[in-house]
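Heads up, the thing below is written out as structure tokens.
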Amino acid sequence: MEKLFDINENGHSVRCKLFYEKDLQAIENVVIVLHGFGSSKDLKSNTKFGERLHAKYKNYAALAFDLPCHGTDARKKLSLAECLLYLQIVLDYAKNHLHAKQIYAYGTSFGGYLVLKYIAEQGNPFAKIAMRSPALQIYHSLSNRLTDDERHKLAKGKEILFGFERKMKVTKDFFDDLAQGEIMQNDYLAYADDMLIVHGTADEMVDIQVSQEFADNNVIELIPVEGADHPFTNPNLMDFAIGKIVGFLGE
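Each residue of the sequence shown is one higher than the last, beginning at 1 in the UniProt record's numbering.
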């Protein structure tokens, strides 16, 4: 089943989608799903993940949500602090309203970065963490897309409209926060046994070698998927990735 709802907290309204078997009271484990930059909770791959998760593990549910300025979220200006705040709000909801005994994370691209940044700053609330094509160097990935004109406007303290299908207001502060939040320098060895990375060998946006270096340094298992691009557009390769992640989170 799918349930659309909003979490309204301190002036924020987080748009959510819950995938579960039949009975909300039967949920014991919640996987929080974080999408990539410019994406949303409504991805078909999120639906496929949620359906496969609760079909295989009856007491599991997947909770996807729109990051600020993404999907149906009402925000217009993007900030890294609000992205992390949304994650905290969803975490609190899983604990206090769904009464989850265990909470897991599944982050794709920018979503994977946010999970790792949250852990570095707040500690690790997740029983297990799976990441697909994590944007470990998100500052470089996004700043490389800026035009000279956009760079000039940001340097002058002006806002620019930035994104893919949906454009959002972004300032220099956002990029400065990304630059200062370097993930590769952090130590995640304490959580390594409970982490998994799945990454495509043909990723055109985030080089798999970056993930491999991060995995090697932190002794994290990395599953390379031959021929997969950044969004895993090949449905067979996406199915393979989802199968590996569902199996890992449900072990």
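Don't be surprised by glycine CBs; every beta carbon is placed ideally from N, CA and C.
Cβ-based burial, residue i [other Cβ within 10 Å; buried from 16]
| i | result |
| --- | --- |
| GLY181 | buried |
| ASN10 | exposed |
| residue 336 | Outside the displayed span of the chain (1 to 251) sits residue 336, for which this structure offers no information. |
| MET168 | buried |
Closest residue to residue i among the options (Cα-Cα distance)
| i | options | result |
| --- | --- | --- |
| ILE223 | LEU237, ILE245, VAL198 | VAL198 |
| ASP216 | THR171, TYR188, ALA81, CYS16 | TYR188 |
| PRO68 | SER39, ASP194, ASP207, TYR20 | SER39 |
| TYR191 | ASN10, VAL170, ILE220, THR201 | ILE220 |
| LYS44 | LEU249, LYS244, THR233 | THR233 |
| GLU121 | GLY111, ASN236, ILE183 | ILE183 |
| GLU82 | ALA94, HIS12, ARG145, ASN144 | HIS12 |
| ILE245 | GLU165, VAL33, THR72 | VAL33 |
| ARG166 | ASP23, LYS77, VAL31 | LYS77 |
Residue i versus residue j: straight-line alpha-carbon distance, rounded
| i | j | result |
| --- | --- | --- |
| LEU136 | PHE5 | 30 Å |
| GLY247 | HIS152 | 47 Å |
| ILE27 | TYR20 | 8 Å |
| TYR139 | PHE49 | 28 Å |
| ASP173 | MET238 | 34 Å |
| residue 315 | ASP149 | No statement about residue 315 is possible, as the shown extent of the chain runs from 1 to 251 and does not include it. |
| LEU178 | LEU80 | 7 Å |
| LEU85 | ALA202 | 33 Å |
| GLU213 | ALA61 | 32 Å |
| LEU91 | ASN124 | 11 Å |
Cβ distance (whole Å) where residue i is taken to contact residue j below 8 Å
| i | j | result |
| --- | --- | --- |
| GLN102 | ASN29 | 5 Å |
| THR108 | SER133 | 6 Å |
| LYS41 | ARG15 | 7 Å |
| ASP194 | ALA94 | In fact, because the Cβ distance is near 17 Å, the residues do not count as touching under 8 Å. |
| GLY250 | TYR57 | 4 Å |
Alpha helix (DSSP H) runs contained entirely in the segment 86-169, provided each spans 4 or more residues = 110-122, 138-143, 148-155
Within the segment 11-87, note down every full beta strand (DSSP E) run reaching 3 residues or more, in order along the chain.
-> 12-19, 29-34, 60-65
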